[in-house]
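Working notes for the structure below.
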Amino acid sequence: MKEKVFAFLKTVPYGKVVTYGRIAEVVGNKKAARAVGNIIHTNRDFFGVPCYKVVSSKGKLSASYAGGGIEAQKERLESEGIEVIAYKVDLKKYGS
DNA sequence: TAGATGACTCACA
DNA sequence: ATGTGAGCCATCT
């Protein structure tokens, strides 16, 4: 299960983000967004998985990003050309 | 080993 | 528009 989450995360193209719901849907259960969040949270191999590309259904960034917090996550997204406003991204443009 | 919790989301009152 | 309840899976206590 988590393997699928990581796999999908790796397929996320540069400059794009995905929502928990989206991942849950791809992984199999649309209602498993919560589980997805947990999987990514406890992800030790986050250097191989762009978990900073994962945002809430409204484009809001994660509350506790393992790589240094929500601010670090914002920086990372901006580094990919993603416009982050008030810790939120435009899913209309960057959502997959 | 079993029960509770959590980086979430959606539906209904 | 705001608030509550349900459903998933991995980890923690």
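Note that this note's numbering has the first sequence beginning at 1426, numbered continuously upward. All C-beta atoms in this analysis are idealised placements derived from N, C-alpha and C, irrespective of residue type, glycine included.
Query raised in the report: Do the segment 1488-1508 and the segment 1448-1457 touch if we need at least three Cβ pairs shorter than 8 Å?
Result: In the pairwise beta carbon analysis, the segment 1488-1508 is classified as not touching the segment 1448-1457: fewer than three pairs are separated by under 8 Å.
**Report entry** Through-space distance from residue 1503 to residue 1509, alpha-carbon basis
**Finding:** On the first sequence, position 84 is the one that residue 1509 refers to. On the first sequence, position 78 is the one that residue 1503 refers to. Looking at the two C-alpha atoms, the distance is approximately 6 Å.
Report task. Assuming residue 1478 and residue 1516 form a contact by the criterion Cβ under 8 Å, report the distance between their Cβ atoms to the nearest whole angstrom. Result -> Numbered from its first residue, the first sequence carries residue 1478 at position 53. Numbered from its first residue, the first sequence carries residue 1516 at position 91. Going by Cβ atoms, the distance from residue 1478 to residue 1516 rounds to 12 Å, so no, they are not a contact pair.
Report task. Would you please state the rounded distance, in angstroms, between the beta carbons of residue 1480 and residue 1514? I believe it to be under 8 Å. Result -> Taking the first sequence and counting its residues from 1, the one referred to as residue 1480 is at position 55. Taking the first sequence and counting its residues from 1, the one referred to as residue 1514 is at position 89. At roughly 6 Å, the Cβ-Cβ gap stays under 8 Å, so residue 1480 and residue 1514 are in contact.
**Report entry** Cβ neighbours of residue 1415 in the same chain (closer than 7 Å, five flanking residues each side left out)
**Finding:** Coverage of the chain is limited to positions 1426 through 1521, which leaves residue 1415 absent and any answer about it impossible.
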